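Participant: Before I ask anything, let me first share the structure, which is written out below as C-alpha cells.
In my numbering, the protein residues as written are 4 to 149.
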C-alpha cells in the first residue's frame with residue numbers, strides 16, 4: 004500500500020535511516036562510556052519499531068520522528084566534537100557526502116512529490132551536516148595553528 008501515491012523508496016528509506024542514526028547514537032554512548040544510558044533508548048526504539056503499522060497517521064508520525072532522531076544523532080556528534088575540540092577521528096569527506104545526499108534529496112523531492120514533511124527533513128539535515136563540516140574544519144584549522 005502506498006499513501007499519497009509516492010514511490011515505494013520514499014517509505015522504505017525511513018526505517019533504514021532510523022536504524023543508521025540509532026547505531027550512531029549507540030556508538031557515541033559506547034565511546035563516551037555511557038552505555039548504561041542506552042537501555043531506555045533501546046526499549047523505546049524497539050517498542051516503537053513494533054508499533055509501526057501501515058496506518059497513515061503512524062507512517063506520518065514515523066516520518067516526523069525520523070527527523071528528530073536524525074537531528075539528535077547529528078547534535079550528539081557535534082557535542083562530542085565541541086567537548087573534545089578534536090576532529091581527527093571524523094571525516095569531513097563523509098559528512099560532505101551526507102550533505103550532498105541531503106541536498107540531492109531536496110531537489111528530487113521538489114521534482115517528484117513536493118512533500119513539505121520530507122522537504123523540512125532534508126533542509127534540517129543539510130543544515131546540520133553543514134554545521135558538522137564547519138566544526139570539523141574549524142578544529143582542524145585550530146589544530147594546525149597550534
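Glycine included, C-beta positions come from ideal geometry on N, C-alpha and C.
Note that the structure is a prediction, hence the values are computed from the model and not measured.
Going by alpha carbons, who is nearest to residue 119 out of 70, 26, 90?
Facilitator: Nearest C-alpha to residue 119: 70.
Participant: Determine the closest residue to residue 23 out of 108, 62, 75, with distance taken between C-alpha atoms.
Facilitator: Comparing Cα-Cα distances from residue 23 to each of 108, 62, 75, the minimum goes to 75.
Participant: When you compare the CB positions of residue 72 and residue 21, do they come within less than 8 Å of one another, or not?
Facilitator: Cβ atoms of residue 72 and residue 21: closer than 8 Å.
Participant: With H, G and I counted as helix, E and B as strand and the rest as coil, what does DSSP make of residue 118?
Facilitator: Residue 118 falls in the coil class under three-state DSSP.
Participant: Please report the residue range of the alpha helix (DSSP H) in which residue 72 lies.
Facilitator: Counting along the chain, the alpha helix (DSSP H) containing residue 72 begins and ends at 59-87.
Participant: For residue 51 and residue 109, what's the separation of their Cα atoms in angstroms?
Facilitator: Roughly 27 Å separates the two Cα atoms.
Participant: Quick check: what's the CA-CA separation for residue 40 versus residue 68?
Facilitator: So the two alpha carbons sit approximately 20 Å from each other.
Participant: Does residue 124 pass the burial test, meaning 16 or more other C-beta atoms within 10 Å, or should it be called exposed?
Facilitator: Answer is buried; the Cβ neighbour count reaches 16.
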